Amino acid sequence: MASLQASCTVLSTNPRSHSSSSTQPLSAKPSHLFTNQRRIHRFQVSCDAKKNVETSQGKIDRRNMLLGLGGMYSAANLVSNPSAYADPVQAPDFTKCGDAYVKDVLLDVKCCPPLADKIIDYELPKFEVLRKRPAAHRATKEQVAKYEKAIQAMRDLDTSDPQDPRGFTQQANIHCAYCNGAHDQVGVDKVLDLQVHNSWLFFPFHRWYLYFYERILGKLINDPTFALPFWNWDNPKGMTLPPIFDKPRSPLYDAKRDPKNNGSAIVDLTFSGSTDPLQLVANNLSSIYSEMVRSVSTTTAFVGKPYCKGSDPSPGGGSSENGSHTGVHWWVGTKDTSGPNKFNEDMGNFYSAGRDPVFYCHHSNVDRMWHLWRDVVKNDIPKDITSPDYLNAEFLFYDEHKRLVRVKAGDCFDEKKLGYEYDRIDLPWLNYRPPSKAVKAKVENISDTKTAASVLPVNLKKTVRLIVPKSAKGKADEQLVLEDIQTDTTKFIKFDVFINDEDDKIEELDRAEYAGSFAQVPHKSKNKKGKATISLKLTDMYNDIDVSEDDTIVVTIVPRSNGEDVTIGGIKVIPVPKQAQSG
Ligand code: C2O
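Following this note's numbering, the numbering of the sequence shown begins with 292 at its first residue and continues without gaps.
This is the structure we're talking about:
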């Protein structure tokens, strides 16, 4: 069966010219710019038809732009299609790397990478033996010793050769540059941050980042079999800070962490604030089950929303990025911002997260969740997005030989081709479906309820409770869509969504009424953030809370962190598209 493609291609009748990126030098040649310029003419109209447009090639006359349209599309059509560039994001131009920001202040450090005189299109080596990534809490003495030795070697490069792109700080800066506004998008005619979070670039960017990081560590200790451990926070046995990161004299230690969260403290993936260890474990498993299985309706609901050349940053992360991924950043980073760690350093802000060695171990598990979603979770959702706008998105990294290489998102789906695999561990969340509700909720008992249409847009300063019409009666496959979610990107944001919830036990997520969550790690962007959308599948929940025959549901949105900085513009229930990558 043909599946719908998720993509930024809104103007699908437009012939797309993918310029061969493999020949793009560090600074584009005039001929290359010309090709781009024509494309910019055509699409720029979609964003702002009234003004002349500043480009790096000078002003483009509006009349020429309209001619470029060929009379095929009405301006009205185009205006409603803000991401109509319909081309993949290009690799950043390191020569144009600039300042990075945190809140409104310039960062005290520059996080731009060193320059190289050429870029090589990366070819994966053939790997005879797979590097087996172990769970950090089960790593053997020998594995830990190698890990410490490799990280120490990386740290030593900071002093012996600060310009070596394989050094610890240089590696941490990669994250800052791709996430806090240092790199701009290439080939677009306005200044747009290149942002690898909160969109479909999240998984492939971090997979490639970790791939090179692991190869570099292996090279520094002369052991090509070196494999990066993963923080197994999806299993109760791994739900503390892995002890190997908690020894002050170890190179794996970082002082800029929340001091409460060491020893046997259970990770709170859901910002629940519960102090009951059993409830924390139950919440963690419930939210992982939700973001991996129960609430996932489409490919982009898991992977993240389309983000192309010319897109505004942060159109919306996938369920796992928004969920446990963000929870770990929040939990590990400093919470007390009155002292020197004003921005939740290190893990609690994108600019500094890569300075904590546990970041890479955390992301190893994030990457593993992607692997598990593709290979273990069974459903009829297409597991990969096939749009060329996704597959051909490019990133630049330095490899273990200090060569600057270009990689594509679509070339990293199969981790065996990248030469690694994950140690197999039980997945206690995989069937963690909450028990059905014993008694059906009486909607009229849920007091204080207004219809969604009457109050939107709505701010989350306090809990919001709204009546939303279903799209159909009966056993329809439906999803709840929250759209135009606007947030202060410099703050930790988290809210949870419940359906027909009479009980108000908001610190408990292991209940049939829990529908899913949204969360975000602080970062600063030059641009206004794109308006995020999340979709939460309701089908299983309808059975578990017995609302199939109702016309409406009551949606409760509970802020967990900085609710006053969140506004939701739209709430609706729509059918789940069949076999769809997006929707
Ligand atoms: Cu690039 Cu967990 O962030």
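All residues carry an ideal CB built from backbone N, CA and C; glycine is no exception. Predicted model only: the values in this text are computed from it and were never measured.
Roughly how many angstroms separate the alpha carbons of residue i and residue j, rounded to a whole number?
i	j	result
I618	T561	Per the sequence shown, residue 618 should be read as Gly rather than Ile. Roughly 6 Å separates the two Cα atoms.
K510	D545	23 Å
V477	P850	37 Å
C703	I737	48 Å
K753	A684	39 Å
P868	F494	23 Å
T858	Q811	14 Å
S839	P673	26 Å
H332	E706	Residue placement at H332 is poorly supported in this model, since its pLDDT is 27, which falls under 50; the coordinates are not used for a value here.
P405	D768	51 Å
T625	D537	15 Å
H814	K782	7 Å
S610	K432	35 Å
T591	Y689	29 Å
N526	D775	34 Å
I262	G614	Past the boundaries of the shown model lies residue 262; the chain is included only from 292 to 874, so the question cannot be answered.
S629	R548	14 Å
L448	N670	46 Å
V594	D390	29 Å
Q486	C470	5 Å
Y502	L709	7 Å
I676	G607	15 Å
E281	H654	Any property of residue 281 remains undetermined from this structure, which presents the chain solely from 292 to 874.
I276	L695	In the structure as shown, the chain starts at 292 and stops at 874, and residue 276 therefore has no counterpart that could be examined.
V623	I557	11 Å
D794	P760	21 Å
D484	F496	15 Å
K817	S873	28 Å
I865	Y805	18 Å
D842	W661	35 Å
T566	K528	18 Å
P456	A729	59 Å
Y376	V479	For Y376, the predicted model reports a pLDDT of 47, less than 50, meaning its position is unreliable; a value from the coordinates is still stated below. Those two C-alpha atoms are separated by around 9 Å.
Pull up the CB-CB distance for residue i and residue j, whole angstroms please, since I reckon it's below 8 Å.
i	j	result
L757	T742	7 Å
W491	F686	The pair is not a contact, with the Cβ atoms about 13 Å apart (cut-off 8 Å).
A644	H620	6 Å
E712	L421	5 Å
L771	V846	7 Å
P542	I442	4 Å
C299	C402	Contact doesn't hold; Cβ gap of about 27 Å is too wide.
D680	D475	Between D475 and D680 the Cβ distance is about 19 Å, and since that is not below 8 Å, they are no contact.
V572	M530	6 Å
For the beta strand (DSSP E) that residue i lies in, which residues bound it at each end?
i	result
T778	E769 to T778
R422	R422 to R424
E798	Where E798 is concerned, there is no enclosing beta strand (DSSP E), given that its DSSP letter is neither H nor E.
K863	V857 to P866
Y689	E685 to Y689
K699	L695 to K699
F789	I784 to I790
Would you kindly report the start and end of the unbroken alpha helix (DSSP H) that includes residue i?
i	result
Y469	F459 to C470
S655	V649 to D666
A806	No alpha helix (DSSP H) holds A806; the beta strand (DSSP E) holding it covers Y805 to Q811.
V619	T617 to V623
V572	P568 to Y580
S745	A743 to V746
Residue i and residue j: beta carbons closer than 7 Å?
i	j	result
D801	P725	yes
Y723	Y833	no
K828	S577	no
S563	N574	yes
I784	S852	yes
A732	N656	no
A518	R446	no
V393	Y598	no
L532	N553	yes
C652	A427	yes
D637	D627	no
F521	R659	yes
D837	A803	no
S605	N489	yes
R665	D412	no
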